[in-house]
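Visitor:
There are 2 protein chains.
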Amino acid sequence: MAGSGYDFDGWMRAQLAQVEQGLSRWVRRDAPAGLGEAMRYAVLDGGKRLRPLLVLAACDAVGGHPEAALRAACAVELIHAYSLVHDDMPCMDNDVLRRGKPTVHVRFGQAQALLAGDALQALAFELLTPEDGVPAAMQARLCRLLAQAAGADGMAGGQAIDLASVGLQLTQEQLRRMHCLKTGALLRASVVMGAACGQAGGVADQALAQYGAAVGLAFQVVDDVLDVTQDSATLGKTAGKDAASDKPTYVSLMGLAPAKAYAEALRAEAHAALAASGLRETRALSALADMVVRRSH
Amino acid sequence: MAGSGYDFDGWMRAQLAQVEQGLSRWVRRDAPAGLGEAMRYAVLDGGKRLRPLLVLAACDAVGGHPEAALRAACAVELIHAYSLVHDDMPCMDNDVLRRGKPTVHVRFGQAQALLAGDALQALAFELLTPEDGVPAAMQARLCRLLAQAAGADGMAGGQAIDLASVGLQLTQEQLRRMHCLKTGALLRASVVMGAACGQAGGVADQALAQYGAAVGLAFQVVDDVLDVTQDSATLGKTAGKDAASDKPTYVSLMGLAPAKAYAEALRAEAHAALAASGLRETRALSALADMVVRRSH
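Protein chains in written order, with the numbering used here: chain A, -16 to 280; chain B, -16 to 280.
#1: Secondary structure at L257(A), three-state DSSP: helix, strand or coil?
#2: On the DSSP bridge list, what partners appear for L98(B)?
#3: Cβ of P15(A) less than 8 Å from any chain B Cβ?
#4: Can you tell me whether DSSP reads P85(B) as helix, strand or coil?
#5: Would you report the Cα separation of P301(A) and P35(A), rounded to the nearest angstrom?
#6: Give the DSSP-derived three-state secondary structure of G(-7)(A) in the structure shown.
#7: Verify whether the separation of the beta carbon atoms of L257(B) and S173(B) is less than 8 Å.
#8: In chain order, what residues of the region 97 to 114 of chain B put their CB closer than 9 Å to some CB of chain A?
#9: In whole angstroms, give me the CA-to-CA distance for A244(A) and A41(A).
#10: Can you have a look at K66(B) and say buried or exposed, based on whether 16 or more other CB atoms are within 10 angstroms of its CB?
#11: Excluding five sequence neighbours on each side, which residues of the same chain lie with their C-beta closer than 7 Å to the C-beta of L112(A)?
#12: How about L170(A): is its C-beta nearer than 8 Å to some C-beta of chain B?
#13: Can you pull the chain B residues whose beta carbon is under 8 Å from the beta carbon of D225(A), in chain order?
#14: Which of helix, strand or coil does DSSP assign to L80(B)?
#15: Is it the case that the Cβ atoms of A139(A) and A102(B) are separated by a distance below 8 Å?
#16: For the 8 Å Cβ check, are there 3 or more pairs between the region 148 to 161 of chain B and the region 228 to 243 of chain B?
#17: Distance, Cα to Cα, A285(A) vs A168(A)?
#18: Compute the Euclidean distance between the alpha carbons of F202(A) and A190(A), then round it to the nearest angstrom.
#19: Quick check on this structure: which residue in R266(A), F108(A), A51(A) has the alpha carbon closest to the alpha carbon of G(-12)(A)?
#20: So for G177(A), helix, strand or coil by DSSP?
#21: Using a Cβ-Cβ distance under 8 Å, would A193(A) count as near chain B?
#22: Taking contact to mean 3 or more Cβ pairs, one atom from each stretch, closer than 8 Å, check whether the region -12 to -3 of chain B and the region 46 to 64 of chain B are in contact.
#23: Quick check: is the beta carbon of H280(B) nearer than 8 Å to any beta carbon in chain A?
#24: With a cut-off of 8 Å, does the C-beta of M75(A) fall near any C-beta of chain B?
#25: In the DSSP assignment, the alpha helix (DSSP H) including H69(A) goes from what residue to what residue?
#26: When the Cα atoms are used, what is the spatial distance from D188(B) to A196(B)?
#27: Under three-state DSSP, which class holds M274(A)?
#28: Quick check: what's the CA-CA separation for E114(A) versus R124(B)?
#29: What is the DSSP secondary structure of M75(A), counted as helix, strand or coil?
#30: Report yes or no: is there a C-beta of chain B within less than 8 Å of the C-beta of W71(A)?
#31: Could you give the DSSP three-state label for M22(A): helix, strand or coil?
#32: Helix, strand or coil: which one does DSSP assign to K230(B)?
#33: Buried or exposed for D(-8)(B), going by 16 or more other Cβ atoms inside 10 Å?
#34: Quick one: is Q(-2)(A) buried, meaning 16 or more other Cβ sit within 10 Å of its Cβ, or exposed?
#35: Starting from P118(A), trace the alpha helix (DSSP H) both ways and give me its first and last residue.
#36: Using a C-beta cutoff of 8 Å, does Q131(B) count as contacting chain A?
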């Protein structure tokens, strides 16, 4: 996928091993009254770990702080995991299947699912602020970026728009805004947080943020495409759900072929941003953009 | 309540004005799709603001950083407010009345309540990490303390124990552990975070942590007492709820008079900790310990 001789798969395997190990160490089973088990169930053994990979690839690109990046990688995954737990609950999407397994509230009850999500969010910020090993200024910056991406001006705000738009006819611009917040904010933050583990400087940071925004939007466009082109078994979650619940999607708005073309255009935009960054080691980021657009689930 | 000539009421009025102003500025109405309104409803115009007052009093005692303390004060209140929103939901306590008003999910629906709670938690960490105005090391430490107090080893863990103990006979030690986490962790953290806005040093920090633990536990004991001695109108929430739902309380375990005596003993413990702290300006903390134990709602 990337330049000659570059072993993206090897890079990815090594990163994923680190992330799984980090998550398994930091999400502890011994939290009280089954809470730890519910948290681990929500986080471990599943998921593409796209956000952690974006953090780690961006950190590589800027030659950043490895310990900070691993913590940031796990922290964004915890935020992502908590959002899925809450999103699946009966009062939200009421989904019973996630990554091919019963969702957390189905397995552990709604109250425990609610608490597990809450505790995962707190844990994300705890991971970012160790007693030592990461410079304090970097810790504070990573917390700020994550809090902004997760909150009302980011993911949670996007979910509120999503809730409010069921059954409505959105313009493409309104749909773009919703997804920029709902899924885009955290994907973009993953890249920006990876960059914040180093000191690449203004031009590179800006280019990486553009890359993150393009990949974040592409991710959602592809998600909408896959929702209508794949079955539940392939996706590991309920397919056709958005269409059935009358949610606006890129496919319902643009049609299938234009949505696919749009995803390709965003992929090109991501590559262009990397080229403009002036950074030398962008092969993992480049391959991740390809992976996001060309994935089958 | 405190030493001669000390105007605790004046101190409190000034602090509360600051906190209300901070919360109103930072919890913005313009968050998307009604989310900001739900967040403000959950946070503003209600609540005793005990946790913010503990932060600000502890900061005063150590001569700490005022901007950091105000942010910390508002951040702990946001965590407290989000926990109430989620706690009141049908899958948890299913409560319809809070601070004399319909609870957030009754007013805005369950999905919006869930999101509002989630966004309030994120906002707490955003408040602690401003671009400038607070030293980075202090920001990072405040985040760490808050994340630990809010998460699986703190408030969320305590709630999980609470859920699991309905209908069970707990020992006093088990009940103490549950409350140390469920309400105690955040109250204690409020004091410790206030102290972290300054540099009081080991002995004073330890004494303040002891004070915070005693006040935190006293708060819960008094809560249990008020649940059986006061009516809903006075409490601003449903009275007799714990007894009705067969939850273990200090009153059910010890009896009413011994529970009251225990609260008084904890008040004395808090005062003793302040005396041992070596800090000069502990009058607000002292008066707050009295207020917690002698409150009527």
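Quick reminder that beta carbons are idealized off the backbone N, C-alpha and C, glycines included.
Treat the numbers as computed from the prediction; the structure is a model and nothing was measured.
Guide: Short version:
#1: helix
#2: Paired residues: none, contrary to the question.
#3: yes
#4: strand
#5: The question about residue 301(A) has no answer here: the residues shown for chain A are numbered -16 through 280.
#6: helix
#7: no
#8: L97, L98, A99, G100, D101, A102, L103, Q104, A105, L106, A107, F108, E109, L110, L111, T112, P113, E114
#9: 26 Å
#10: The displayed chain sequence assigns Ser, not Lys, to residue 66(B). The residue in question, S66(B), is buried, as its Cβ has 16 or more Cβ neighbours within 10 Å.
#11: Reading off the sequence shown, one finds Thr at residue 112(A), where the question assumed Leu. Once the five neighbours on either side are set aside, the close Cβ partners of T112(A) are Q122, C126.
#12: no
#13: Ordered by position in chain B, no residue passes the 8 Å Cβ test against D225(A), which lies about 16 Å from the chain.
#14: strand
#15: yes
#16: yes
#17: Shown here, chain A extends from -16 to 280; a query on residue 285(A) therefore has no answer.
#18: 18 Å
#19: R266(A)
#20: helix
#21: As written in the sequence, residue 193(A) is Gln, which differs from the Ala given in the question. False, the Cβ-Cβ gap to chain B never drops below 8 Å.
#22: no
#23: no
#24: yes
#25: 49 to 70
#26: 12 Å
#27: helix
#28: 8 Å
#29: coil
#30: A small fix is needed here, since residue 71(A) is Asp in this sequence, not Trp. It does not: the Cβ of D71(A) has no partner Cβ on chain B nearer than 8 Å.
#31: helix
#32: coil
#33: exposed
#34: buried
#35: Neither: P118(A) is in no alpha helix (DSSP H) and is coded neither H nor E.
#36: yes
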